[in-house]
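Residue numbers (numbering that gives the first Met the number 0): 0 to 624. Think of the CB as a built atom: it goes at the ideal place given N, C-alpha and C, for glycine as much as any other residue.
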Amino acid sequence: MPFNLSDKITASSCYNIVVLFINLIFFACEVYLMKKEFYQQQQQIATTTKKTQLSKSHKFTTIRTALFIGLVFAFATGYDGHVAGTISGLMLLIAFIYAIRQHNHLKYQLELTISRLAVINSYLARFTNDWHNLKAAGSEFRHAKRPQEIDLHILGKASLYQYLCLAQTKLGRQKLAASLAVFSAKKQTIRNRQEAVAELINQPSLCLDFLALNNMLPENHDTKPLIATITNMQQYSPGSWENRARFFLPLLTLLSLLLWLADLTSISVPAFLFSLQLLLAVIFFNRHQQLLAPLKDFNRELNLYAALFAKFTDTDFKSARLRAMQQKLLSSPNANVSLTKLNQLADKVRMRNNIFFFVLANTLLLWDFHCTINFLRWCQPASKSVAKWLDLWAEFEVMLSLAIVGQTRNTWTMPKILNGTPAVKANALSSLLINEKLSVANDSALTAETRIITGSNMSGKTTYMRTIASSAVLAYAGAPVCAKAFALTPLFIFTSIQVNDDLAHGISTFYAELLRLKQIVKFSHRRLPMLICIDEIFKGTNSADRIVGAKEAIKHLTQPWCITIVTTHDFELCDLKAAGNVPITNFHFEEYYQADKIHFDFKLKPGRCHTTNAKYLLHMAGILD
């Protein structure tokens, strides 16, 4: 047979396509490994840093102990009349105080490193099934009136929420759960969040920096007590006499002391004034203690938020949403400046816990009055802003969480939000909840239609349906989707997948499913765009009634505003014809057998299924001979 030029071109083209395909596979594997290797390298760096910091911390402990012993002996020598001992003691005291400050700074850095290591480990867990063991699963946010959250594994164990959640605050976790609502959001809101999330995906090191600090907050940190406390401080206002006395009395006392030193007055005058200031501090001690309590109770959290806001406002963000958040934090009062001032005040308040400092500072300067009045004045402008600042941070936690899809998955895309009639278009779409190495991707092009999906048991029907709907949930949240391309219109999502009986209320499985479908049909009367997923329709009743009921339900849900996906084992439903212009289409999954073993390719194919595997599975289970 002759081999002409066109054959050469065809063969060459096929060869090039094969080579390109192989290169793409190697590139995809390399990118996947690069992402995992990045976090493994970060893990090694953090582990090494931790060991170095621990070693330094032990050395500081030894140095502090030696300095303390040395200064005690030096002062003892000075007490015996040796001036050199006193001078040495003072120098050792300064060195001791410096060592304490440096050691405390090192302890903070060590704590930050340990926190960073925990965050990195949580990222690495996403590359395996270890993420199923992460604490935040979101089960507390599930609502009985939103069965989609269970059907699509949005909230709860092994859910989208558990995979995504990096939020440490209670408000951040609430916002993340709210962002995964099954109803469509405003398109501009979605696009703004997508832009911000895309920017974070490309900066994994920056995300780790933020999360390491954030992870130092208490688990599921509730910011409401902090907000309520600061807001309530508005009801307290310092008296004018207190404000004047905190400056006037110390100045008068200092003046009297100078006059005494100049022999212009007796010692009784400054002694009286010193005693008066100390007496005022003792009389108002309980009041000051109560008013300054928030600085003690929330000191750690305030320090961390100050560090977080400082880093956030110093970062050069490009996306409109993140820049707008920065502007809100930088507007008057400036969150970073305001919290820094508060932390400095908290340090001053903490010093009064030392009895010697308390007596000396209040005797000389009315220290408690200064601290209390400055705190109350700080609360006046800040009380209205603290809630907004913490709300912005919770929103940023959501964005950090959504970005993890693009940081841990090789194949991902930012979905496009389309206009027009209902549509879902996907290229190589897979589930976020299945390990990327094991998942099988499928293409889909859904418009207003009813799609009947048949197939053998375990062939992938329900997983396919869940993947479509859960990917829509991710898209509306502003998150990436595990696909090469994904586009959809705004849709309200309804499901009937995991339907259970309710013995307490006398509801059977069939009746529970009937109620679920009634709710879906009722909503469809509003003629709003819907994505409807029904698994094994009316599986809770006999085959004759099931087919009759299924046909009627499908008839009601085959509408120009509905994309309806129905899985079934009843081949009779494959013969349904559309009454109007909305098509009823058939697709299927199938199995194949090799070496007397069953295999699945989990690939969606057009048309109805012509195979079954129930007998084979019964035989495998030892039920059939």
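Check, Outcome
"Rounded separation between residue 466 and residue 293 - CA only", "47 Å"
"Backbone secondary structure at residue 529 - three-state DSSP", "strand"
"Residue range of the alpha helix (DSSP H) that includes residue 547", "542 to 556"
"Contact test: residue 458 Cβ vs the ligand NAP heavy atom, cutoff 7 Å", "Judged by which ligands are present, the structure shown has none, so any question about the ligand NAP falls away."
"Cβ pair residue 194, residue 320 closer than 8 Å", "yes"
"Residue of 172, 199, 584, 410 minimising C-alpha distance to residue 317", "199"
"Nearest-angstrom Cβ-Cβ length linking residue 415 and residue 486, presumed shorter than 8 Å", "4 Å"
"Cross-strand partners of residue 596 (DSSP beta bridge)", "593"
"Helix, strand or coil at residue 480 according to DSSP, with G and I counted as helix", "strand"
"Identity of the residue in 577, 206, 237, 270 nearest residue 449 by Cα", "577"
"Coil, strand or helix - residue 602 by DSSP", "coil"
"Bridge partners - residue 441, DSSP secondary structure assignment", "428"
"Cβ neighbour criterion (16 or more within 10 Å) applied to residue 236", "exposed"
"Whole-angstrom C-beta distance between residue 393 and residue 188, which should lie under 8 Å", "Contact flag wrong, Cβ pair sits at about 16 Å."
"Limits of the unbroken beta strand (DSSP E) element including residue 368", "First-last for residue 368: 366 to 407, but that is the alpha helix (DSSP H), not the beta strand (DSSP E)."
"First and last residue of the uninterrupted beta strand (DSSP E) at residue 565", "561 to 566"
"Which of helix, strand or coil DSSP assigns to residue 218", "coil"
"The beta strand (DSSP E) enclosing residue 448, as first and last residue numbers", "448 to 454"
"Pick from 367, 113, 126, 145 that is closest to residue 244, judged by C-alpha positions", "367"
"Closest Cα partner of residue 214 within the set 119, 268, 150, 342", "119"
"When 97, 98, 71 are compared against residue 86, the one with the closest alpha-carbon", "71"
"Beta carbon of residue 77 nearer than 8 Å to that of residue 91", "no"
"Integer Cβ distance of residue 447 from residue 561, believed to fall under 8 Å", "6 Å"
"Any 3 or more C-beta pairs closer than 8 Å across the region 409 to 423 and the region 377 to 389", "no"
"Residue(s) in a DSSP beta bridge with residue 585", "451"
"Extent of the continuous alpha helix (DSSP H) run through residue 189", "186 to 200"
"For residue 493, the residue or residues it bridges with in DSSP", "531"
"Whether residue 370 touches residue 347 by CB criterion (8 Å)", "yes"
"Cut-off 7 Å between Cβ atoms - residues of its own chain near residue 419, not counting five sequence neighbours on either side", "488"
"Close beta carbons around residue 133, own chain, < 8 Å, minus the five adjacent residues each side", "121, 124, 161, 164"
"Beta-carbon contacts of residue 625 that lie in its chain and below 7 Å, excluding the five residues immediately before and after", "Residue 625 is absent from the structure shown; the chain starts at 0 and stops at 624."
"N- and C-terminal bounds of the alpha helix (DSSP H) containing residue 625", "Lying before the first or after the last residue shown, residue 625 is absent from the chain, which here runs from 0 to 624."
"Nearest-angstrom Cβ-Cβ length linking residue 542 and residue 574, presumed shorter than 8 Å", "Actually they are not in contact, since the Cβ atoms of residue 542 and residue 574 sit about 15 Å apart, beyond 8 Å."
"Option nearest residue 278 by Cα separation, candidates 192, 360, 509, 481", "360"
"Beta-carbon proximity check, residue 400 vs residue 207, cutoff 8 Å", "no"
"Burial state of residue 28 (16 or more Cβ within 10 Å)", "A caution first: residue 28 carries a pLDDT of 41, below 50, which makes its placement in the model too unreliable to give a value."
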